[in-house]
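Below you'll find the structure, written out as structure tokens, and then a few comments.
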Amino acid sequence: MTPSDMLEVYIQDELNSLNFMPNKIHIIAIDYTTPTIAPEKKIWVCYDRCPIAFSKEELESKGICDIDNLKREIRDRLSSLCNYTIDMLSLRKKNEEILAPTISIDNLYSMECMELDVIVDKENSKKVKKIWVYYEEFSLTFRKEDCDSKGIYDVDDLRREIKDSFNTLGDYSYEMVFLRNRNETEFLDPAISIDVLYGMKLEVIIVNNKNDNIESKRIEKAFQTKYQGTVLEKFYIRLNFFHEIWLSDSRYVPYLAIIQSSGSGKTRLVAELRTKGIYVLYICKRSEDSTGYPKSTPFAQKVLDTIRDDEFGALLCGAIEEIKNKGWSAEEFWDIQVKGDHKCEEFWNVVLGSLDLESSQSKCNNEEFVKDLFPQIGISVVCCIDEAHELITQRNSGETYFVKWRRQIKKISWKGFFNVVLSTNGKIGNFLPPTIKDTVSARTTNFQIFPAYLDVSTTDVLALLVENVGKENFDKDYDLKRAVYLGTPLWGSLAQAGESLKDLILLASEKIRNFSKKKDDYIANLACISCTLALEVSPRIAEVDNLIASHMATAIGISPDRTSILCTYPSDVILASGALKGIINVGWENCLDTLVELLSRGVVEVGERGELVNHILFLMRYAVVAREIFLGSATYLEKIPLKLFIEKIDGHSMLLDELKINDAKVGFNHWISLLATNMDYVNESEGNKFLTEDLVKEAYHRHAAIRMPFGFKDIDHVIPFKYSSDYGVILIQNNNAKQSTYKSVDNFALTNPASVASVGIRQKDYKVLGIYADFHQGELPYKATSEIKSIDYISTRSRPGEKANIMYIRGVEAFEFDNEINKRLFKVLYTRPWPLDRYWSTFGENELVRKDEIKSFLPIIFKQNKGESLIYKWKM
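Right, dumping it as structure tokens:
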């Protein structure tokens, strides 16, 4: 039976029941239309080619009933719109008018086309009320509506929110979090209204404002760490040597200047003279907020004013006699001074109250004055003036206190007495300015001074304090906590006093930049890149004195005419970590700009430029991977997987598999530059020309990479790594400007440990990764590449069918840093001192127009104006 028949029977039965006559009913037509299901109601929204769909059910559940609410939901769903306010967003149907904000959502569902475009009012985008906040490499944005909803009304509220929002600030209290406008130095007042901050870019500054009492106690404890090394003996010998010369030659002034960077141990060295039975009369004037140790001398300004009044000789007489009257030992007298309690105040009260110019005159002329009181040893009393740059800043009648002080002590002729002045400022040592610029009195009198003393402490002198040493521990794993006992003793001493590793690195990052957060701080940037990239700073520039005085550089030599100071940054792991953090905080771009300026002025010696770019790229690569792994907790002392370090090089995994070093780790935060050991004078001094197994291990554990000496054949750089059972090296050769490009023979040099190692390391199956780097731009454009280059060895019994495989990198872009970095690296490759630079032709802030004059000095180099060329003049 067909459906029609069935329907007819059904209808007939129904009609029969209603007494209709059957012959009266006819079915004329039946329309079998397919039933339809109502479609789900959705709204499609598109912005910047990114479509999203909103179902009616979803919007109703969220109470979204009009256009304004829909715009808010769209902004929350599309991250690319998060920086815009609701007022800046509009919706429209495809190619039609913008929808009114009051239109009901229901009306959108009834439209034939429910596809909407998001329109952004970019003209007003800069007016958006939001605050950008930056900390290290991280950033956050705070919109006004978010601040209002969270009850953030002033800077203090914002500090608390920032503390909670940045995971990397977890170890700091909110009181240590300060804010300031970028590129400014002043901190924002906590009471400032949040309303005035919208549109600003702020940076977070951590101020380690620990309780001064606690900080002072820690420094005191660090100061009392057991003295290590042999520096004291050498200093004692030098002091006696100069004392004997002074006694026999009246041209000399009885003082020695100790000049070295902050934290190097100057005061501690002089303090240790007490162990030789020498009384150290300690004079120091510190600022009121200083947490330095030892504390400032009681009545310090009154003590220094005796220099102004020509009474310093009388002060010394009274002090030495009072020491004798009290019967103190050298140890007791030092302890009284550093404690700074009532005994110390009483001592100086007596001394200042007993000043007698008449009686002191005869005592100053009595050679035996000190020996009569303390006859036991050679030098009995040393007067030490710490923070001696105070003598330069204070003047009387046009003369500095320093000049007046030196004139007064020259009149003293006591046997067994000497003076020592301590400072980070080279001018105290009188080696700046040079001898030709000595004072009139110095040039017109028979006057000599002793050379400044620099050898204050020994690098790594606290290394023996490290725990868990021994071959079994070093073979197990690298321990970054050992780093605090390398380099200057300052870090190890503070660690012994309870300072955490994180706080030490924070302190190092502050000290090397002299607490400057300015991105364009020329000297601070110079300090950081010199420390990490092994730059050699010209010894004749004025900046050297500043690096030593304020930026932790170590003075290692002074020329006899006092025109040059040789300074360096030794391998100091904590300081290098702080320097690298300093670079990252202000941005690599800013530091590379500084480097280009240094190169254009001839301030630094860097050797081949490709090698310098190599330093930068591989150090940046390490820092990037360390941040990715350890996030905000990175100290840049950690080791990272070697496979991640070289993952930008195509085919790297094949080499790691081949060498069976997939578990290898690598890491360094600074470069060490070996000396040019092809020179006779370096060889005579036993300079390291080759690497030994021990040197590779030490470089790995002091978190350093090695720059091979100038003139070294085949290999430019060595980066050590460690795998499960031993150590290995990455050997790097740079294509320098004068050298032809990669050749197949480079493979053999870059895979042979004999290229850099002594006999002891050649004789074993040492793991070597070779890299050939070509960063120079040729005449024709090229595409940056990285690949594996493979060359067959000549088949022998020991090497049947083996290949020499190396990694080949062409172009700085292969490291995939952003274009701003790449542009600056190209400048580093080619920048030289440029005679037309404004730097060479300025008067104050004004530029002197000298372009044509300078060009005239350099014919052939520059185009000559018509009629100026030699060809024209000689009618050639």
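Numbering follows numbering that gives the first Met the number 0, with no gaps: position 820 of the sequence shown is 819. Just so it is clear, CB atoms sit at the ideal spot from N, CA and C, and this is done for glycine as well.
Exposed or buried, Ala523, counting other C-beta atoms within 10 Å across all chains shown (16 or more means buried)?
Within the sequence shown, numbered from 1, the residue matching residue 523 stands at position 524. When all chains shown are included, Ala523 counts as buried.
Start-to-end residues for the alpha helix (DSSP H) that takes in Tyr521:
Against the sequence shown, residue 521 aligns to sequence position 522. Segment 521-532, the alpha helix (DSSP H) holding Tyr521.
If you draw a straight line from the alpha carbon of His242 to that of Phe629, how long is it in whole angstroms?
Walking along the sequence shown from the start, residue 242 turns up at place 243. Walking along the sequence shown from the start, residue 629 turns up at place 630. Rounded to whole angstroms, His242 to Phe629 spans 55 Å at the Cα level.
Contact the stretch 406-413 vs the stretch 524-536: 3+ CB pairs below 8 Å:
In this structure the stretch 406-413 does not lie against the stretch 524-536, because fewer than three pairs of beta carbons, one per stretch, are closer than 8 Å.
Would you tell me roughly how many angstroms separate the C-alpha atoms of Lys225 and Ala256, rounded to the nearest one?
Counted from its first residue, the sequence shown places residue 225 at position 226. Counted from its first residue, the sequence shown places residue 256 at position 257. C-alpha of Lys225 to C-alpha of Ala256: approximately 25 Å in a straight line.
Mind checking Leu356: buried by the 16 CB within 10 Å criterion, or exposed?
As a working note, residue 356 is residue 357 in the sequence shown. When all chains shown are included, Leu356 counts as exposed.
Classify Ser103 as helix, strand or coil using the three-state DSSP reduction.
The residue given as residue 103 occupies position 104 in the sequence shown. In the structure shown, the three-state DSSP call for Ser103 is strand.
Since I believe Ile66 is in contact with Leu90 (beta carbons under 8 Å), could you give me their beta-carbon distance rounded to a whole number of angstroms?
For this step, residue 90 is matched to residue 91 along the sequence shown. For this step, residue 66 is matched to residue 67 along the sequence shown. Between Ile66 and Leu90 the Cβ distance is about 6 Å, and since that is below 8 Å, they are a contact.
Nearest candidate by alpha-carbon position, reference His669, set Glu852, Thr531, Arg267
Translated into the one-based positions of the sequence shown, residue 669 becomes position 670. If we check each option's Cα against that of His669, Thr531 comes out closest.
Can you name, in chain order, every residue of its own chain whose Cβ lies under 6 Å from the Cβ of Phe373, other than the five neighbours on each side?
Locating residue 373 in the sequence shown gives position 374, counting from the first residue. Around Phe373: Ser379.
Contacting residues, own chain, Cβ-Cβ under 7 Å from Lys518 (five flanking each side not counted)
What you label residue 518 is simply residue 519 of the sequence shown in a count that begins at 1. Only Asn182, Val585, Gly586, Asn589 meet the Cβ criterion.
Which first and last residues belong to the alpha helix (DSSP H) in which Arg267 is found?
Counted from its first residue, the sequence shown places residue 267 at position 268. Where Arg267 is concerned, the enclosing alpha helix (DSSP H) stretches over 265-270.
Counting pairs of Cβ atoms below 8 Å between the stretch 315-323 and the stretch 341-354, do you hit three or more?
Yes, the stretch 315-323 is in contact with the stretch 341-354.
For a minimum of 4 consecutive residues, which ranges assigned as the alpha helix (DSSP H) are wholly contained in the stretch 184-253?
The qualifying runs are 211-222, 230-247.
Taking contact to mean at least 3 C-beta pairs separated by less than 8 Å, is the stretch 296-315 in contact with the stretch 490-497?
Because the criterion of three Cβ pairs below 8 Å is not met, the stretch 296-315 and the stretch 490-497 do not touch.
Hey, Ile583 and Met551 are a contact pair by Cβ (cut 8 Å); roughly how many whole angstroms apart?
Residue 583 sits at position 584 when you count from the first residue of the sequence shown. Residue 551 sits at position 552 when you count from the first residue of the sequence shown. That belief does not hold up - the Cβ atoms of Ile583 and Met551 are roughly 18 Å apart, past 8 Å.
Collapsed DSSP secondary structure at Glu111 in the structure displayed:
The count along the sequence shown starts at 1 and reaches residue 111 at position 112. With a pLDDT of 46 at Glu111, under the threshold of 50, the predicted position of this residue should be treated as unreliable, and no value is reported.
On the premise that Ile104 lies in contact with Leu69, defined as a C-beta separation below 8 Å, what is that separation, rounded to the nearest angstrom?
The sequence position of residue 69 within the sequence shown is 70, counting from 1. The sequence position of residue 104 within the sequence shown is 105, counting from 1. Their Cβ separation, rounded to whole angstroms, is 6 Å, which keeps Leu69 and Ile104 in contact under 8 Å.
What residue range is occupied by the uninterrupted beta strand (DSSP E) comprising Glu812?
Position 813 of the sequence shown, counted from the start, is the residue given in the question as residue 812. First-last for Glu812: undefined, no H or E at that position.
In whole angstroms, give me the CA-to-CA distance for Asp649 and Ser785.
Position 650 of the sequence shown, counting from 1, holds the residue named residue 649. Position 786 of the sequence shown, counting from 1, holds the residue named residue 785. Rounded to the nearest angstrom, the two C-alpha atoms are 6 Å apart.
Taking contact to mean at least 3 C-beta pairs separated by less than 8 Å, is the stretch 262-280 in contact with the stretch 223-237?
Yes, the stretch 262-280 touches the stretch 223-237.
Would you report the Cα separation of Ile161 and Gly312, rounded to the nearest angstrom?
Numbered from 1 along the sequence shown, position 162 holds the residue referred to as residue 161. Numbered from 1 along the sequence shown, position 313 holds the residue referred to as residue 312. Distance between the alpha carbons of Ile161 and Gly312 is about 58 Å.
If we require 4 or more residues per run, which alpha helix (DSSP H) segments fall completely within the stretch 624-695?
Listed in chain order, they are 641-644, 651-658, 679-683.
Beta-carbon proximity check, Ser508 vs Lys580, cutoff 7 Å:
In the sequence shown, the residue the question calls residue 508 occupies position 509. In the sequence shown, the residue the question calls residue 580 occupies position 581. Closer than 7 Å, so yes.
Note down, in chain order, each residue of its chain lying with its Cβ closer than 7 Å to the Cβ of Pro832, except the 5 sequence neighbours on either side.
Indexing the sequence shown from 1 puts residue 832 at position 833. In the same chain as Pro832, and ignoring 5 residues on each side of it, the C-beta atoms closer than 7 Å to its own belong to Ser599, Arg600, Gly601, in chain order.
Alpha helix (DSSP H) containing Glu786: first to last residue?
What you label residue 786 is simply residue 787 of the sequence shown in a count that begins at 1. Glu786 -> not in any alpha helix (DSSP H); beta strand (DSSP E) instead, spanning 784-791.
Quick one: grab the DSSP three-state call for Arg701.
The sequence position of residue 701 within the sequence shown is 702, counting from 1. Note: Arg701 maps to coil in three-state DSSP.
Do the stretch 145-157 and the stretch 178-198 meet, that is, are 3 or more Cβ pairs less than 8 Å apart?
Because the criterion of three Cβ pairs below 8 Å is met, the stretch 145-157 and the stretch 178-198 touch.
Going by DSSP in three states, Gln732 sits in which element: helix, strand or coil?
Counting from 1 along the sequence shown, the entry for residue 732 is found at position 733. DSSP, reduced to helix, strand and coil, places Gln732 within a strand of the structure shown.
Please confirm if the stretch 376-395 is in contact with the stretch 340-347, defined as three or more CB-CB distances below 8 Å between the two stretches.
Flag = no, the stretch 376-395 and the stretch 340-347 do not touch.
Decide if Glu111 is buried, meaning its Cβ has at least 16 other Cβ atoms within 10 Å, or exposed.
Stepping through the sequence shown from its first residue, residue 111 is reached at position 112. Residue placement at Glu111 is flagged as unreliable, the pLDDT there being 46, under the threshold of 50; the coordinate-derived value follows with that caveat. Per the 10 Å Cβ criterion, exposed.
Residues sharing a beta bridge with Phe774, DSSP:
Within the sequence shown, residue 774 is the residue found at index 775, counting from 1. When DSSP reads this structure, Phe774 sits in no beta bridge, so it has no partner.
Exposed unless 16 or more other CB atoms sit within 10 angstroms - verdict on Gly866:
What you label residue 866 is simply residue 867 of the sequence shown in a count that begins at 1. The residue is exposed, with fewer than 16 neighbouring Cβ atoms inside 10 Å.
When the Cα atoms are used, what is the spatial distance from Leu196 to Thr634?
Indexing the sequence shown from 1 puts residue 196 at position 197. Indexing the sequence shown from 1 puts residue 634 at position 635. Straight-line spacing of the CA atoms in Leu196 and Thr634 works out to 32 Å.
For Val465 versus Arg481, is the C-beta spacing smaller than 7 Å?
Residue mapping note: residue 465 aligns to position 466 of the sequence shown, counting from 1. Residue mapping note: residue 481 aligns to position 482 of the sequence shown, counting from 1. Yes.
Helix, strand or coil for Gln447? Go by DSSP, reduced to three states.
Locating residue 447 in the sequence shown gives position 448, counting from the first residue. Gln447 falls in the strand class under three-state DSSP.
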